[in-house]
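Okay, so the sequence shown: first residue is 355 according to this note's numbering, each after it adds one.
Don't be surprised by glycine CBs; every beta carbon is placed ideally from N, CA and C.
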Amino acid sequence: MDKYTVEVLAHQENMLLLQMFYDGVLVTETECSEHCVDFLKETMFNYNSGEITLAALDNDNQPPSEAGSNGIYEAFEQRLIDFLTTPAMASGDESGDTDQTDASQPAAIEAFINSSEFKKNIRMRDIEKNKIGSGSYGTVYLLNDEFVVKIPINERGIKVDVNSPEHRNCHPDRVSKYLNMANGDKDFSRSAIMNINGKDVTVLVSKYIQGQEFDIEDEDNYRMAEALLESRGVYMHDIDNLGNILVKEGVLFFVDGDQIVLSQESRQQRSASLATTQLEEQIKARYLIKLKQAETEGNTEDIEYYKSLITELDELIGEEEQTPASGRRFKLAAPEEGTLVAKVLKDELKK
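Right under this line is the structure:
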């Protein structure tokens with residue numbers, strides 16, 4: 355099988371030059387931020403046959419001028435996605451008879467993001483009437499009959515720092531990837547830059563599903579949704595939250611991807627990202643807190659419930675259960691993990 359190779363070349367401060375090769379032939383190149391490189395590593399090469407190699411680039415060896423302009427990254431990213439996810443057409447394949455003009459047309463979501471309607475300055479007061487809902491990670495607004503946008507401002511009106519360790523899991527780059535996987539649709543969502551009240555904001559744009567809330571409390575429904583996610587290589591930590599899954603004409607749509615992660619089987623082939631690891635550290639910390647509270651109250655039902663959740667989480671992340679030493683309730687954590695646990699504890703105490 356032919357391999358795609360992307361060389362990540364050191365260049366200037368906080369900027370890198372990427373060159374993509376197909377079977378040794380240079381396909382395209384662009385300059386992008388270190389953040390974009392991390393996104394590409396997580397998004398492309400844990401799911402395909404591509405390789406990432408590191409090389410040094412002297413400062414006097416400048417990339418072509420067309421690779422240095424703003425906005426090139428989005429086109430480059432999409433080109434990578436197209437190259438790495440579109441299967442090669444077999445000779446004589448009947449699918450070759452399909453109208454090729456459609457393939458050259460941008461997806462509807464791409465056309466919308468690049469439209470003047472999306473690129474204009476949006477004032478929050480103008481779209482407030484189109485608010486669909488809000489939660490811990492952001493607020494969703496209906497932009498037109500086809501698409502919604504999730505802006506990182508939570509239900510309390512507080513801006514969510516999607517680059518912080520405790521909220522990195524809700525970064526639109528990451529969420530878009532997992533939503534597309536969960537729905538089996540590479541064009542279900544996109545991360546995009548939107549001008550809101552005169553400032554550029556990274557937002558999540560996704561298809562607007564006019565469906566009904568899926569009754570996840572029904573055991574058969576729960577198992578069906580879980581199995582569908584598993585078949586697509588992902589797992590949803592908050593699958594039981596009403597409204598995260600919609601059903602339309604018998605088809606399930608997963609519309610909230612903040613807590614979607616790789617499934618247990620997928621993790622046997624590729625490692626979880628840092629954002630996933632930090633998310634699951636926070637989830638486990640919450641379970642441990644709830645378990646401790648249940649033990650203090652002598653609530654047998656809750657004790658068994660949270661023990662089962664912890665066991666399930668440990669199985670997902672491949673962590674063996676360890677019996678705590680006498681007099682010890684929590685294991686010592688790495689400094690960064692300890693910071694996250696402390697943050698969760700602080701949030702719980704506020705409630």
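Quick check on the burial criterion: 16 or more other C-beta atoms within 10 angstroms. Buried or exposed for Met478?
On the sequence shown, residue 478 is found 124 positions in, with the first residue counted as 1. Within a 10 Å sphere around the beta-carbon of Met478 sit fewer than 16 other beta-carbons, which makes this residue exposed.
Hey, how far is the Cα of Tyr641 from the Cα of Glu619?
Numbered from its first residue, the sequence shown carries residue 641 at position 287. Numbered from its first residue, the sequence shown carries residue 619 at position 265. When rounded, the distance between both Cα atoms is 23 Å.
Considering only residues of the same chain and omitting the five flanking positions on each side of Met535, which have a CB-CB separation below 7 Å?
As a position in the sequence shown, residue 535 is number 181, starting the count at 1. Here the set comprises Arg586, Gly587, Val588.
What I want to know is whether the C-beta of Asn551 ends up closer than 6 Å to one or more non-hydrogen atoms of the ligand FAD.
In the structure on display, the ligand FAD does not appear, and there are no ligands present to speak of.
Contact belief for Val559 with Ile463 at Cβ below 8 Å, rounded distance in angstroms:
In the sequence shown, the residue the question calls residue 559 occupies position 205. In the sequence shown, the residue the question calls residue 463 occupies position 109. About 6 Å; that satisfies the 8 Å criterion.
Evaluate Ser662 with the Cβ neighbour count: other Cβ atoms within 10 Å of its Cβ, from every protein chain shown; 16 or more gives buried, anything less gives exposed.
Translated into the one-based positions of the sequence shown, residue 662 becomes position 308. Exposed, by the Cβ-count rule.
For Ser560, which beta-bridge partners are listed by DSSP?
Locating residue 560 in the sequence shown gives position 206, where the first residue counts as 1. Answer is Val502, Ser543.
Neighbourhood of Met590 by C-beta distance below 6 Å, restricted to the same chain and skipping five residues each side:
For the purposes of this step, residue 590 is identified with residue 236 of the sequence shown, where counting begins at 1. Here the set comprises Leu583, Ile614.
Along the chain, where does the alpha helix (DSSP H) that runs through Leu670 open and close?
Looking up residue 670 in the sequence shown gives position 316. Element bounds for Leu670: 654-671.
At which residue ranges does the region 458-503 contain complete beta strand (DSSP E) runs of 3 or more residues, listed in the order of the chain?
Segments of the beta strand (DSSP E) lying fully in the region 458-503: 485-488, 493-496.
Should Ile505 and Lys513 be called a contact, given that it needs their Cβ atoms to be closer than 7 Å?
Residue numbering aside, residue 505 sits at position 151 when the sequence shown is read from its first letter. Residue numbering aside, residue 513 sits at position 159 when the sequence shown is read from its first letter. It is not a contact, given that the beta carbons lie outside the stated cut-off.
Going by C-alpha to C-alpha distance, which of Glu580, Phe568, Ser617 sits closest to Asn598?
Residue mapping note: residue 598 aligns to position 244 of the sequence shown, counting from 1. Among Glu580, Phe568, Ser617, the Cα nearest to that of Asn598 is on Phe568.
Give me whichever residues DSSP pairs with Glu567 in a beta bridge.
Taking the sequence shown and counting its residues from 1, the one referred to as residue 567 is at position 213. Leu600.
Distance check for Val609 and Asn549, CA to CA, integer angstroms please.
Here residue 549 refers to the residue found at position 195 of the sequence shown. Here residue 609 refers to the residue found at position 255 of the sequence shown. The alpha-carbon atoms of Asn549 and Val609 are separated by roughly 23 Å.
Taking the alpha-carbon of Leu645 as reference, which of Ile664, Thr631, Glu634 has the nearest alpha-carbon?
What you label residue 645 is simply residue 291 of the sequence shown in a count that begins at 1. Closest by alpha carbon: Ile664.
I need the straight-line Cα distance from Glu520 to Val529, nearest angstrom please.
Within the sequence shown, residue 520 is the residue found at index 166, counting from 1. Within the sequence shown, residue 529 is the residue found at index 175, counting from 1. Glu520 and Val529: Cα-Cα distance of roughly 15 Å.
If you follow the beta strand (DSSP E) that Val529 is in, where does it begin and where does it stop?
Walking along the sequence shown from the start, residue 529 turns up at place 175. It is not in any beta strand (DSSP E) - Val529 instead sits in the alpha helix (DSSP H) that spans 526-537.
Roughly how many angstroms lie between the CA atoms of Tyr557 and Phe501, to the nearest whole one?
Locating residue 557 in the sequence shown gives position 203, where the first residue counts as 1. Locating residue 501 in the sequence shown gives position 147, where the first residue counts as 1. Per the sequence shown, residue 557 should be read as Val rather than Tyr. Each residue's alpha carbon lies about 12 Å from the other.
Counting along the chain, where does the beta strand (DSSP E) carrying Ile643 start and finish?
Your numbering for residue 643 matches position 289 in the sequence shown. Where Ile643 is concerned, there is no enclosing beta strand (DSSP E), although the alpha helix (DSSP H) it sits in stretches over 628-651.
Close Cβ partners of Ile563 (< 8 Å) along its chain, the five nearest in sequence each way excluded:
Counted from its first residue, the sequence shown places residue 563 at position 209. So the qualifying residues of the chain are Leu600, Lys602, Phe607, Val609.
Nonlocal neighbours in the same chain, by C-beta distance under 6 Å from Leu497, ignoring five residues either side
Against the sequence shown, residue 497 aligns to sequence position 143. These residues qualify, in order along the chain: Val503.
Would you verify that the beta carbon of Thr631 is, or is not, closer than 7 Å to some beta carbon of chain D?
Among the chains in the structure shown there is no chain D, since it carries only a single protein chain.
With C-beta atoms as the reference, is Asp527 less than 7 Å away from Ala461?
For the purposes of this step, residue 527 is identified with residue 173 of the sequence shown, where counting begins at 1. For the purposes of this step, residue 461 is identified with residue 107 of the sequence shown, where counting begins at 1. Taking 7 Å as the Cβ cut-off, Asp527 and Ala461 do not qualify as a contacting pair.
Taking DSSP as the reference, what is the three-state secondary structure of Asp414?
Here residue 414 is taken as the residue at index 60 of the sequence shown, counted from 1. Per-residue confidence for Asp414 stands at a pLDDT of 37, beneath the threshold of 50, marking its modelled position as unreliable; no derived number is given.
If you reduce the DSSP assignment to three classes, tell me which class Asp574 lands in.
What you label residue 574 is simply residue 220 of the sequence shown in a count that begins at 1. Asp574 falls in the helix class under three-state DSSP.
Contacting residues, own chain, Cβ-Cβ under 6 Å from Tyr495 (five flanking each side not counted):
By one-based count along the sequence shown, residue 495 stands at place 141. Counting only Cβ-Cβ distances below 6 Å, and skipping sequence neighbours, we find Ile481, Asn484, Lys485, Val503.
Span of the beta strand (DSSP E) holding Val588?
In the sequence shown, counting from the first residue as 1, residue 588 sits at position 234. Counting along the chain, the beta strand (DSSP E) containing Val588 begins and ends at 588-590.
Excluding the 5 residues preceding and the 5 following Tyr532 in the sequence, name in chain order all residues of the same chain whose CB lies nearer than 8 Å to its CB.
To locate residue 532, count along the sequence shown from 1; it is residue 178. Taken in chain order, the residues that qualify are Val588, Gly611, Ile614, Val615.
From Lys561, Ser545, Val555, residue whose alpha carbon lies closest to that of Asp539
Walking along the sequence shown from the start, residue 539 turns up at place 185. Ranking the options by Cα distance to Asp539, first place goes to Lys561.
Should Leu371 be labelled buried (16 or more other beta-carbon atoms within 10 Å of its own) or exposed?
The residue you call residue 371 lines up with position 17 of the sequence shown. Under this definition Leu371 is a buried residue.
Ser625 versus Leu633 - alpha carbon distance:
Counting from one through the sequence shown, the residue named residue 625 turns up at place 271. Counting from one through the sequence shown, the residue named residue 633 turns up at place 279. Their Cα atoms are separated by approximately 14 Å.
What first and last residue would you give for the beta strand (DSSP E) that runs through Val516?
On the sequence shown, position 162 is the one that residue 516 refers to. First-last for Val516: undefined, no H or E at that position.
In the structure shown, what three-state DSSP assignment does Ser585 receive?
Locating residue 585 in the sequence shown gives position 231, where the first residue counts as 1. Helix.
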